[in-house]
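First comes the structure, then the notes that go with it.
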Amino acid sequence: MPDLWQDAMDHAVTLARKAGEIVRNALQNDLKIMCKSSSVDLVTKTDQNVEELIITSVKEKFPGHSFIGEESVAAGEPCVLTENPTWIVDPVDGTTNFVHGYPFVAISIGFAVNKMLEFGVVYSCIEDKMYTARKGKGAFCNGQPLQVSDQKEINQSIIATEFGSNRDPHAVDKIFSSMRKILCLPVHGIRGVGSAAINMCLVASGCVEAYYEIGIHCWDVAAAAVIVSEAGGVLMDVEGGPMDLMSRRVLAANNNIIGERIIKEIEAFSAVRDDEP
Ligand code: LIP
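So that you can map any letter, position 32 of the sequence shown is 16 in the numbering used here, and since no number is skipped, the others follow by simple counting.
Structure, rendered in structure tokens:
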């Protein structure tokens, strides 16, 4: 049976490559940096241009499809996932990295139909790594199949997480406290590359066992969620139960044993949902 969404996925890969070139070129020039919700929540003209490029091109090729894009939502568009085929786009995941030339920046394109994720494309454009996954067909990096780690011992694991852009002292205390507890389990290490999408692709690649964060948005994780599950991993909420794409919380792990062990140590808190009007 022909794959209904293969054409869309091929287009997503083409767009991610084009966007990656724009991001790499922009790194050579002076960046115009602006702030969004706070002085540490950054956006650049490149974020906006790349999102514009992706949306314009998809509208032309797939006129009936919907969008949720980081910069469109920042500009006041609604963030609502309907049954309609929907592109969930982060034009530059790792904007702070991008601004500082820290070399982990991704273009993240997820695609959902009937509220179910169908494919994900994450292009780590400075490393030139193209991560792709189509539901039921496996996950790949530059065409090579991905498989999560088979580690079941938490004390043999590396866990990825981020501090995020929340500077509320109570939230920061919980973030530190969770990290401290996880570090002292002990684990081999705690890492974080500054991009949710790339952290999750590292889980899919088998070099870190799990990644969790509170405060991310649906566009940071939609594409990489498909990549993790197609590489054999699991997705959960930080307090257990299934991942809720709009809840701004994610835990991606190589298996349930590692995922559930970390949940015991995480001091969870809530963030304003992405789909809250
Ligand atoms: C970033 C995430 C990262 C998080 C940052 C930020 P952006 O996304 O990928 O995990 O810690 O605060 O949300 O804003 O660069 O697209």
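Here a beta-carbon is modelled for each residue, glycine too, at the ideal position from N, C-alpha and C. Just so you know, these numbers come straight off a predicted model, no measurement behind them.
Straight-line gap, L186 to S21 (C-alpha atoms, nearest Å) = Distance between the alpha carbons of L186 and S21: 28 Å.
Can you check whether the CB of Y195 is closer than 8 Å to the CB of M184?
-> Less than 8 Å separates the beta-carbon of M184 from that of Y195.
Ligand 1 heavy atom lying under 7 Å from the CB of S56 | Checking every heavy atom of ligand 1 against the Cβ of S56, none is found closer than 7 Å.
Cross-strand partners of V73 (DSSP beta bridge) = DSSP output for V73 lists G53 and I93 as bridge partner(s).
In the DSSP assignment, what are the bridge partners of A123?
-> Residue pairing by DSSP places A123 opposite A117 in a beta bridge.
Three-pair Cβ contact test at 8 Å for the stretch 139 to 157 versus the stretch 115 to 131 = Because the criterion of three Cβ pairs below 8 Å is not met, the stretch 139 to 157 and the stretch 115 to 131 do not touch.
Can you tell me whether DSSP reads S133 as helix, strand or coil?
-> S133: coil per DSSP, three-state reduction.
Rounded straight-line distance, which links the Cα of M220 to that of M227 = Distance between the alpha carbons of M227 and M220 is about 4 Å.
Where do the N-terminal and C-terminal ends of the beta strand (DSSP E) with E244 fall, by residue?
-> Bounds of any beta strand (DSSP E) do not take in E244; it lies within the alpha helix (DSSP H) bounded by N240 to I247.
Within this structure, are the beta carbons of V106 and A208 separated by less than 8 Å?
-> In this structure, the beta-carbon distance from V106 to A208 falls below 8 Å.
Mind checking who R233 pairs with in its DSSP beta bridge?
-> Residue pairing by DSSP puts R233 in a beta bridge opposite I198.
Span of the alpha helix (DSSP H), counted from its first residue to its last, around A83 | The question names Ala, but residue 83 in the sequence shown is Val. That run of the alpha helix (DSSP H) goes T79 to H84.
Determine the direct distance from the alpha carbon of Q140 to that of P62, and round the result to whole angstroms.
-> Between P62 and Q140, the C-alpha separation is close to 43 Å.
Between S179 and ligand 1, is the CB less than 7 Å from at least one heavy atom?
-> Checking the Cβ of S179 against ligand 1 gives yes.
Coil, strand or helix - V64 by DSSP = Secondary structure of V64 (DSSP, three-state): coil.
Given a cut-off of 8 Å, decide if Y86 and G178 are closer than it, judged by their beta-carbon atoms.
-> At the C-beta level, G178 and Y86 come within 8 Å of one another.
Hey, L11 and I17: beta-carbon distance below 8 Å or not?
-> Cβ distance not < 8 Å, so L11 and I17 don't count as in contact.
Validate contact between the stretch 162 to 176 and the stretch 249 to 256 using beta carbons, cut 8 Å, 3 pairs | Taking a cut-off of 8 Å on C-beta distances, the stretch 162 to 176 touches the stretch 249 to 256, as three or more cross pairs fall below it.
Around the Cβ of N13, are there at least 16 other Cβ atoms within 10 angstroms (buried) or fewer (exposed)?
-> An exposed status is given to N13, since fewer than 16 other beta-carbon atoms sit within 10 Å of its beta-carbon.
Under the three-state DSSP convention, the category G176 falls into | It is coil, neither helix nor strand.
My understanding is that H49 touches V42, with C-beta atoms under 8 Å, so please give their C-beta distance in whole angstroms.
-> About 6 Å separates the two Cβ atoms, so the contact holds.
Just reading off the alpha helix (DSSP H) that S161 is part of, what are its end residues?
-> Where S161 is concerned, the enclosing alpha helix (DSSP H) starts and stops at P153 to L167.
Nearest candidate by alpha-carbon position, reference E102, set N126, I72, A144 and V34 | It is I72.
Give a yes or no on whether the C-beta atoms belonging to S108 and G190 are separated by under 8 Å.
-> Cβ atoms of S108 and G190: not closer than 8 Å.
Tell me whether the beta-carbon of D259 lies closer than 8 Å to the beta-carbon of R232.
-> Not a contact, by the Cβ cut-off of 8 Å.
Proximal residues to A3 (C-beta, below 8 Å), its chain only, five neighbours per side dropped = Apart from the 5 residues on each side of it in sequence, A3 sits with its Cβ closer than 8 Å to the Cβ of V34, L37, I38, P75, I91, Y107 and C109 in its chain, given in chain order.
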